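Novice:
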Amino acid sequence: MLAGLVDDAAVFPPGSAPLPAAVTGHRVYRAAWYADLVGPLLLPASALTAAADLLQPDETVEIGLVGDTGLGALPGALDNADPRLRVRQVEIPVAKRGEDPQPGLATLTDALRARAGLLGYAEIPLATGLLRALDTVAAARAGGLPVAPKFRTGGLAAELFPTPVELAAVICACRDRGLPFKLTAGLHNALRHTDPETGFTHHGFLNVLVAAALACRGGEVDEIAEVLAGTDPAPLAAAINDHLGGERPLWVGYGSCSVIEPLDDLIALGLIERPA
């Protein structure tokens, strides 16, 4: 249920770790007792050359390439990546808020078709055109292309945090189309909470985990929104505890600039046991 839940996004805001520190930190995670919790190291396309320079000659690192240089530059970034950086997945925005996602989706799917086996996550704005974009992604998956949607659940502005009802509607839309989904930003902690410094109310990753499971059992938007809005840890932890040995439903996972914060929350909730 928790395997590979948290991709290591240390170099991205708000953590914004220097690249050498991020690479060193990822080595520590990969060797730690909680390594199974951690997904690939997420690196911007613009940093691939610098990241490769930090590796030992015989060292390899599994990465997720985040396309900060744009869709047009994506094929070149993939072609020129050092082979020691094993690109497991590509994550890239296909449109800005208010733009039509369809042209960007076409460019991304073309790039994925040229590279067999590469996973692609299309970051789609929670705005006009979303449902049609999900239909396009679902059609591509039905044709055998390993592509899925990705959504932003936080950031440096209040409008980047969807409400529980908005996120519940997105989860149901993905469920109805058979689409696994990935999330990014704002999910450092297990439970929904308000950050005292920014005033932003963050979604909890445990809320999302329970919500996705409920969606797979046929839950409706209002039920799922209620789970996403919950702040009591007991029912959420209980809902997951009996299923820790099963596969994670619907939700691929999320990128977080902190791996230790989610780990500490899972330990505190009794969902992971720290070894003696």
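Each residue of the sequence shown is one higher than the one before, counting from 369 in the numbering used here.
Note that the Cβ used here is the ideal one computed from N, Cα and C, for glycine as well.
All of these numbers come straight from a predicted model, not from anything done at the bench.
Are the CB atoms of ASN575 and VAL595 within a distance shorter than 9 Å?
Specialist: As a working note, residue 595 is residue 227 in the sequence shown. As a working note, residue 575 is residue 207 in the sequence shown. Result yes, Cβ atoms of VAL595 and ASN575 sit closer than 9 Å.
Novice: Could you tell me the distance, in whole angstroms, from the CA atom of TYR622 to the CA atom of LEU551?
Specialist: Mapped onto the sequence shown, residue 622 falls at position 254. Mapped onto the sequence shown, residue 551 falls at position 183. Straight-line Cα distance between these residues: approximately 5 Å.
Novice: Alpha helix (DSSP H) containing GLN470: first to last residue?
Specialist: Counting from one through the sequence shown, the residue named residue 470 turns up at place 102. Counting along the chain, the alpha helix (DSSP H) containing GLN470 begins and ends at 470-481.
Novice: Answer with buried or exposed for ASP376, where buried requires no fewer than 16 other C-beta atoms within 10 angstroms of its C-beta.
Specialist: Within the sequence shown, numbered from 1, the residue matching residue 376 stands at position 8. Buried, by the Cβ-count rule.
Novice: Residues in its own chain within less than 6 Å of ARG465 by CB, not counting five upstream and five downstream?
Specialist: To locate residue 465, count along the sequence shown from 1; it is residue 97. Result list for ARG465: PRO493 and ALA495, in chain order.
Novice: Would ILE431 be called buried (16 or more neighbouring beta carbons within 10 Å of its own) or exposed?
Specialist: Within the sequence shown, the letter at position 63 stands for residue 431. ILE431 comes out buried.
Novice: Per DSSP, ARG520 forms a beta bridge with which residues?
Specialist: Counting from 1 along the sequence shown, the entry for residue 520 is found at position 152. DSSP output for ARG520 lists THR552 as bridge partner(s).
Novice: Looking at C-alpha atoms only, which residue of LEU547, ALA597 and PRO548 is the closest neighbour of ARG560?
Specialist: Position 192 of the sequence shown, counted from the start, is the residue given in the question as residue 560. When each option's Cα is compared against that of ARG560, the closest is ALA597.
Novice: Quick check: what's the CA-CA separation for GLU459 versus ALA484?
Specialist: Working through the sequence shown from its first residue, we reach residue 459 at position 91. Working through the sequence shown from its first residue, we reach residue 484 at position 116. Distance between the alpha carbons of GLU459 and ALA484 is about 16 Å.
Novice: Do VAL455 and LEU439 count as a contact pair if the criterion is CB distance below 9 Å?
Specialist: On the sequence shown, residue 439 is found 71 positions in, with the first residue counted as 1. On the sequence shown, residue 455 is found 87 positions in, with the first residue counted as 1. Cβ atoms of LEU439 and VAL455: not closer than 9 Å.
Novice: Determine the extent of the alpha helix (DSSP H) in which ASP503 is found, giving its start and end residues.
Specialist: One-based indexing of the sequence shown puts residue 503 at position 135. 498-510 is the extent of the alpha helix (DSSP H) around ASP503.
Novice: Within the segment 375-433, note down every full alpha helix (DSSP H) run reaching 4 residues or more, in order along the chain.
Specialist: As far as the segment 375-433 is concerned, its whole alpha helix (DSSP H) runs of at least 4 residues are 387-399 and 416-420.
Novice: Should ILE539 go down as buried or exposed, given a rule of 16 or more other Cβ atoms within 10 Å for buried?
Specialist: The residue given as residue 539 occupies position 171 in the sequence shown. With 16 or more other Cβ atoms within 10 Å, it is buried.
Novice: Distance check for LEU639 and ASP632, CA to CA, integer angstroms please.
Specialist: For this step, residue 632 is matched to residue 264 along the sequence shown. For this step, residue 639 is matched to residue 271 along the sequence shown. Using only the alpha carbons, I get a separation of about 10 Å.
Novice: Please report how far the alpha carbon of ALA536 lies from the alpha carbon of ARG500, in whole angstroms.
Specialist: Residue numbering aside, residue 536 sits at position 168 when the sequence shown is read from its first letter. Residue numbering aside, residue 500 sits at position 132 when the sequence shown is read from its first letter. Between ALA536 and ARG500, the C-alpha separation is close to 17 Å.
Novice: Where do the N-terminal and C-terminal ends of the alpha helix (DSSP H) with ARG543 fall, by residue?
Specialist: Position 175 of the sequence shown, counted from the first residue, corresponds to residue 543. That run of the alpha helix (DSSP H) goes 532-544.
Novice: Within the same chain, show all residues whose beta-carbon is closer than 6 Å to that of THR569, passing over the 5 residues directly before and after it, in chain order.
Specialist: For this step, residue 569 is matched to residue 201 along the sequence shown. The residues are THR562.
Novice: By Cβ distance below 6 Å, which residues in the same chain neighbour GLY523 in space, the five residues on each side in sequence not counted?
Specialist: Working through the sequence shown from its first residue, we reach residue 523 at position 155. Contacts found: ALA553.
Novice: Using the C-alpha atoms, what's the distance from PRO408 back to VAL429?
Specialist: The count along the sequence shown starts at 1 and reaches residue 429 at position 61. The count along the sequence shown starts at 1 and reaches residue 408 at position 40. So the alpha carbons of these two residues sit roughly 8 Å apart.
Novice: Give the C-beta separation of VAL651 and VAL627 to the nearest angstrom, bearing in mind that I take them to be a contact with Cβ-Cβ under 8 Å.
Specialist: Any property of residue 651 remains undetermined from this structure, which presents the chain solely from 369 to 644.
Novice: What separation, rounded to the nearest whole angstrom, lies between the Cα atoms of GLY488 and ALA415?
Specialist: By one-based count along the sequence shown, residue 488 stands at place 120. By one-based count along the sequence shown, residue 415 stands at place 47. Answer to the nearest angstrom: the Cα atoms are 19 Å apart.
Novice: Work out the CA separation of ASN557 and ALA316 for me, nearest whole Å.
Specialist: Only positions 369 to 644 of the chain appear in this structure, which leaves residue 316 out of reach.
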